[in-house]
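Numbering (the working numbering), first residue to last: 263 to 509.
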């Protein structure tokens with residue numbers, strides 16, 4: 263009996279993906295079997311992936327985390343994207359009991375007061391819904407790119423997520439923002455109008471601002487915090503585990 267090492271499996275998959283275009287990468291992953299899930303925040307990178315899935319009618323579940331505090335422009339884009347590609351984007355929302363418990367402990371906007379409170383909010387509104395979205399999945403597709411931040415500079419095409427026990431695939435890992443924008447223009451991909459107003463990375467409305475000239479793409483996320491590597495926990499395994507454990 264041959265035992266497959268999931269880390270080696272991910273490395274082998276990454277090698278295969280490196281030599282393919284986006285359509286080839288998505289098609290390869292879709293054909294691996296099991297439930298394949300793409301989580302979209304409706305950012306420009308994610309819209310490129312959704313376009314690839316919808317255009318080629320691939321058997322990949324497209325889901326989004328409807329945190330309850332998204333920009334109206336983001337919510338409108340969900341409907342527009344579903345209509346353009348004739349797909350369904352499943353919405354996963356936080357549990358009201360979790361929101362109430364958070365508000366009782368920190369206040370509804372307590373995330374401004376401490377990193378602990380902000381992580382707790384991300385845990386309630388993003389990490390717990392993500393766990394439900396990925397239930398039963400064997401592969402998780404994301405829009406992570408190496409050019410998004412220094413913290414993501416080593417993003418591989420595929421990796422094993424030991425916390426969630428699945429393969430995580432980043433088909434745009436090697437795409438820069440110019441290539442993203444060119445694909446959008448050439449293929450008529452709908453994007454969030456906030457991008458044109460200085461928001462290259464868009465999350466929850468209270469936690470996102472436009473960036474200043476020369477700032478990194480993700481500088482507008484949780485801008486009041488000093489840690490340059492700040493993340494919500496979705497893509498930081500150890501942080502994700504600790505945040506969920508505290509809920």
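Backbone N, C-alpha and C define an ideal beta-carbon position, used for all residues, glycine too. Here the structure is a predicted model, which is why all the values come from computation and not from measurement.
Using beta-carbon positions only, say whether residue 510 and residue 301 come within less than 8 Å of one another.
Examination of residue 510 is not possible in this model, given that the chain is present from 263 through 509 alone.
Residue 439 versus residue 409: straight-line alpha-carbon distance, rounded:
When rounded, the distance between both Cα atoms is 8 Å.
Sub-8 Å separation of residue 401 and residue 431 beta-carbons
Yes; because the gap between Cβ atoms is below 8 Å, this pair is in contact.
May I ask you to list the residues that DSSP assigns as paired with residue 323?
Answer is 299.
With DSSP as the reference, identify every bridge partner of residue 352, one or two as the case may be.
DSSP lists 325 as partners of residue 352.
Among 433, 361 and 307, which one has its Cα closest to the Cα of residue 479?
Answer by Cα proximity: 307.
First and last residue of the uninterrupted alpha helix (DSSP H) at residue 290:
Here the alpha helix (DSSP H) through residue 290 covers 284-292.
According to DSSP, simplified to helix, strand and coil, what is residue 277?
Taken through DSSP and simplified to helix, strand or coil, residue 277 comes out as helix.
How would you call residue 269, buried or exposed, if buried means at least 16 neighbouring beta carbons within 10 angstroms?
The residue in question, residue 269, is exposed, as its Cβ has fewer than 16 Cβ neighbours within 10 Å.
In terms of residues, what are the limits of the beta strand (DSSP E) holding residue 389?
Note, residue 389: premise wrong, no beta strand (DSSP E); not H, not E.
Can you round the beta-carbon distance between residue 209 and residue 346 to whole angstroms, since I take them to be within the 8 Å contact cut?
The question about residue 209 has no answer here: the residues shown for the chain are numbered 263 through 509.
Residue 509, buried or exposed, once every other Cβ within 10 Å from all chains shown has been counted against 16
Because residue 509 carries a pLDDT of 42, less than 50, the predicted location of this residue cannot be relied on, and no value is offered for it.
Rounding to the nearest angstrom, what Cα-Cα distance links residue 263 and residue 296 in this structure?
Because residue 263 carries a pLDDT of 36, less than 50, the predicted location of this residue cannot be relied on, and the following value inherits that uncertainty. For residue 263 and residue 296, the distance between alpha carbons rounds to 21 Å.
Helix, strand or coil at residue 429 [DSSP, three-state]:
Look at residue 429 here: in three-state DSSP terms it is strand.
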